[in-house]
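Remarks on the structure that follows.
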Amino acid sequence: MPSPTLQAIVCALAIATAAFVPMACAPRAAAPAPAAAPADVPAGSGEPGGGARTATTPTPAPMLGAVAADGSPIVAVQGALAVSAAQVDEAIAWRTLVVGESIQDAFGPAWRDDDRLVRGLVGPLFEESLLRFDLARWGVDTTAAVAGALDGDEPQLAEVRGLAPEVARAWFADRGLDIERARWLAASHTLRDLWLDHRLTLIGEEDRYRAWLAARDTATVDYVILANIFEPAVIDRLLAEEPGAIEQHFRDNWNLFLMPRTARVRQVGVVVGGDPPEVARARIDALRARAASDGIMSVLRSSELNVAMGDDGTSVVSQQQAPIVFDTAVGELTPVVEDHGALWFAEVVELRERQVRPFDETTRRFVAQELARSRGMSAQTRAAADRIAAAMAAGDDAALAAAAAAEHGRLDHSASFRRSEAGMVPGIGLARELVDAALADGRAVGEVLGAFRVSDGVVVARLASRQRPDPAAYPQEADAFRAGYDEFVRGQAWGLRVAEYGREHRRELDLETLRAWWSHNQDGSGAETPPREPGQVRP
1 MPSPTLQAIV
11 CALAIATAAF
21 VPMACAPRAA
31 APAPAAAPAD
41 VPAGSGEPGG
51 GARTATTPTP
61 APMLGAVAAD
71 GSPIVAVQGA
81 LAVSAAQVDE
91 AIAWRTLVVG
101 ESIQDAFGPA
111 WRDDDRLVRG
121 LVGPLFEESL
131 LRFDLARWGV
141 DTTAAVAGAL
151 DGDEPQLAEV
161 RGLAPEVARA
171 WFADRGLDIE
181 RARWLAASHT
191 LRDLWLDHRL
201 TLIGEEDRYR
211 AWLAARDTAT
221 VDYVILANIF
231 EPAVIDRLLA
241 EEPGAIEQHF
251 RDNWNLFLMP
261 RTARVRQVGV
271 VVGGDPPEVA
281 RARIDALRAR
291 AASDGIMSVL
301 RSSELNVAMG
311 DDGTSVVSQQ
321 QAPIVFDTAV
331 GELTPVVEDH
341 GALWFAEVVE
351 LRERQVRPFD
361 ETTRRFVAQE
371 LARSRGMSAQ
381 TRAAADRIAA
391 AMAAGDDAAL
401 AAAAAAEHGR
411 LDHSASFRRS
421 EAGMVPGIGL
431 ARELVDAALA
441 DGRAVGEVLG
451 AFRVSDGVVV
461 ARLASRQRPD
471 PAAYPQEADA
481 FRAGYDEFVR
491 GQAWGLRVAE
501 YGREHRRELD
511 LETLRAWWSH
521 NQDGSGAETP
531 PREPGQVRP
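Everything in the sequence shown is counted per the numbering used here, starting at 1 for the first residue and increasing by one.
See below:
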């Protein structure tokens with residue numbers, strides 16, 4: 001089994017975000033980028049200060065169903081970008097090579113019918129196209145840099161990838177990746193670096209000054225978080241009247257219902273503490289030898305681990321907790337593992353693959369609750385928030401704390417925060433509306449800002465402090481701030497550009513054409529077909 005560490009370093013599968021094929025693993029045959037930005041891309045899009053661009057004739061927008069340059073139909077469009085069926089097909093093959101299991105193995109044969117899963121697979125292909133699109137409209141010549149990335153052997157690639165040469169060779173060989181494919185991965189990284197280098201040239205002093213003002217404009221709040229609870233009758237009505245909306249919410253948020261890969265094991269271990277390490281090692285080796293000969297039940301009572309076990313002596317572990325278990329066959333004993341001050345081994349009783357939770361009655365009711373919360377506050381939560389806001393406005397913190405406790409909440413004080421792309425408030429989480437309210441002009445310390453929906457429910461907040469920047473201090477801080485800000489931009493700019501483009505342009509996907517293409521390109525066994533050679537188009 002490939003090393004999980006290498007998988008994470010080189011090209012991990014981001015299931016939680018459905019990003020199955022990170023940009024570095026994108027297929028080689030990307031659709032060519034237009035020579036210039038079309039009319040629906042604003043001047044300076046993605047550039048601080050509104051970077052100028054040369055006016056050119058707009059490129060016609062791509063159309064769903066049209067034939068792409070690789071000979072396959074265009075199955076997804078987003079603004080000026082297009083993704084072909086062949087690109088998606090090859091992305092699946094790349095994902096299988098890199099991660100070591102096909103999407104079908106991970107999710108079963110029904111994955112093609114899960115719209116959310118398919119859209120998550122298409123998304124990273126737009127990132128690759130967007131990268132080339134921006135470089136083209138900026139007029140950046142990538143020829144020499146890409147040629148340099150493609151020229152060389154494994155050690156040079158290893159430097160680009162950040163891996164030791166011997167590790168790079170083994171990684172590519174284990175996955176059947178020839179050196180030509182490896183060089184393409186290096187070229188993708190080179191293009192990303194070119195994009196970031198040019199992005200930094202677009203930052204002017206006015207941009208840095210505005211960023212400095214924003215960084216120095218901070219606030220803190222007093223807050224109470226309340227659970228957004230709906231009465232059973234409301235959920236019953238939702239279940240009866242809107243079954244389609246509930247099912248759609250489940251499909252749109254399938255990653256929230258993803259059950260991780262787990263195993264049921266019988267685990268035996270000894271604590272490494274008072275005895276010398278070699279004594280503990282001898283004890284665990286003796287226990288494992290006895291378990292191998294007489295069965296693990298003969299030594300289970302000798303375990304010193306504080307593990308909650310069922311009546312049959314089993315416990316459940318995840319792949320993250322105990323990866324060695326998932327390299328061991330059912331019915332076999334794992335090797336001895338040293339972990340967190342203990343030595344242990346386990347008998348593997350059952351391996352459970354990752355799967356989406358069944359859409360049964362329990363799940364339907366949970367999804368109905370989540371759908372109701374996504375639409376707003378319940379009547380009882382709104383009433384509780386009004387009572388907390390009134391106590392905040394009165395200014396008696398002892399009475400406020402008591403009021404919060406009566407609503408099953410707690411009075412807290414946040415750390416300092418400022419405006420950011422995410423809208424993060426320490427202790428609260430993502431709360432963009434709260435951030436905007438706290439940092440709006442004219443807000444007075446002690447003012448109740450209102451009630452806002454957040455991931456954990458509803459937060460009622462009061463402005464506790466406000467620190468505004470002094471423009472006179474900027475000349476003394478400019479040099480130090482410039483270095484830190486430019487590094488921040490380098491780390492954040494690409495993610496912000498992708499998010500910005502997604503907000504500006506709706507993504508449309510022709511799922512039926514894509515599924516028909518997949519069906520036509522199966523080899524008869526249900527397995528994914530291997531990647532195409534450069535320029536080859538499947539019939």
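Think of the CB as a built atom: it goes at the ideal place given N, C-alpha and C, for glycine as much as any other residue. Bear in mind the structure is a predicted one, so any value in this text is a computation, not a measurement.
Practice problem: Would you check if the segment 236-247 and the segment 304-311 touch, i.e. whether three or more CB-CB distances between them fall below 8 Å? | Solution: no
Practice problem: Tell me whether A438 counts as near the ligand ZN, meaning its Cβ is closer than 7 Å to at least one heavy atom of that ligand. | Solution: Absence of the ligand ZN is noted for the structure shown, with no ligands found whatsoever.
Quiz prompt | Straight-line Cα distance separating V445 from G429 | solution = 22 Å
Exercise. Go to H413, then tell me how far its beta strand (DSSP E) extends in each direction, as first and last residue.
Key: L411 to H413
Self-check item: Three-way DSSP call (helix, strand, coil) for I246 in this model
Solution: helix
Quiz item: What do you reckon, are the CB atoms on G423 and I225 nearer than 8 Å?
Solution: In this structure, G423 lies away from I225, with their beta-carbon atoms at least 8 Å apart.
Practice problem: Flag this pair as yes or no: are the beta carbons of V316 and I296 separated by less than 8 Å? | Solution: no
Exercise. Since I believe F257 is in contact with A372 (beta carbons under 8 Å), could you give me their beta-carbon distance rounded to a whole number of angstroms?
Key: With a Cβ gap of about 17 Å, A372 and F257 do not count as contacting.
Quiz item: Any contact of the segment 355-363 with the segment 247-255, i.e. 3+ C-beta pairs under 8 Å?
Solution: yes
Practice problem: Look at the alpha carbon of D479 and the alpha carbon of A390, and state the distance between them as a whole number of angstroms. | Solution: One C-alpha to the other measures close to 46 Å.
Self-check item: E512, buried or exposed, once every other Cβ within 10 Å from all chains shown has been counted against 16
Solution: exposed
Self-check item: Those residues which DSSP pairs with Y223 across a bridge
Solution: The secondary-structure analysis by DSSP pairs Y223 across a beta bridge with D412 and A461.
Exercise. Go through its chain and collect everything with a Cβ distance to V435's Cβ below 7 Å, but skip five positions before and after it.
Key: F417, R419, G423 and V425
Practice problem: Return the chain-ordered list of same chain residues with a C-beta closer than 6 Å to the C-beta of T220, the five sequence neighbours on each side being excluded. | Solution: S414, S416, A464 and S465
Quiz prompt | Sub-8 Å separation of A91 and L125 beta-carbons | solution = yes
Practice problem: Indicate whether V553 and D285 have their beta-carbon atoms separated by less than 8 Å. | Solution: Here the chain covers residues 1 to 539 and nothing more, so residue 553 does not appear.
Quiz item: Do you know offhand how far L202's Cα is from R192's?
Solution: In this structure, the straight-line span from the alpha carbon of L202 to that of R192 is close to 16 Å.
Quiz prompt | Opposing strand residues paired with G450 [DSSP bridges] | solution = A461
Quiz item: For G123, is the classification buried or exposed, using 16 other Cβ atoms within 10 angstroms of its Cβ as the cut-off for buried?
Solution: buried
Quiz item: Counting Cβ pairs closer than 8 Å, one from the segment 467-486 and one from the segment 202-216, do we hit at least three?
Solution: yes
Exercise. Out of P277, A308 and R283, state which residue places its alpha-carbon closest to the alpha-carbon of R266.
Key: A308
Quiz item: Since E353 contacts R261 with CB under 8 Å, what's their CB separation in whole angstroms?
Solution: 6 Å
Practice problem: Please state if the CB of S378 and the CB of V146 are separated by a distance shorter than 8 Å. | Solution: Note that the C-beta distance between V146 and S378 is not below 8 Å.
Self-check item: Reduced DSSP secondary structure (H/G/I, E/B, other) of P232
Solution: helix
Quiz item: Given W517, which residues of its chain have a CB within under 6 Å of its CB, disregarding the five upstream and five downstream residues?
Solution: A85
Quiz prompt | Environment of G79 [buried if 16+ CB atoms lie within 10 Å] | solution = buried
Quiz item: How would you label Q87, buried or exposed, when you count the other beta carbons within 10 angstroms and need 16 or more for buried?
Solution: buried
Self-check item: Coil, strand or helix - A322 by DSSP
Solution: In the structure shown, A322 falls within a coil segment according to DSSP collapsed to helix, strand and coil.
Quiz item: Near V271, what residues of its chain come up, given a Cβ to Cβ distance below 7 Å and the 5 sequence neighbours on each side ignored?
Solution: E304, G341 and A342
Quiz prompt | For T218: DSSP bridge partner residues | solution = Q467
Self-check item: Alpha-carbon spacing of R364 relative to R375, whole angstroms
Solution: 17 Å
Quiz item: What do you reckon, are the CB atoms on V589 and E127 nearer than 8 Å?
Solution: In the structure displayed, the chain extends from 1 to 539; residue 589 sits before or after that span and is not available.
Exercise. Starting from the Cα of A393, find the closest Cα among Q492, L449, A227 and A383 and give me that residue.
Key: The shortest C-alpha separation from A393 is found at L449.
Quiz prompt | Residue ranges of each beta strand (DSSP E) within the segment 360-422, 3 or longer | solution = 411-413
Practice problem: Taking all protein chains shown into account, decide if V325 is buried (16 or more other Cβ within 10 angstroms of its Cβ) or exposed. | Solution: buried
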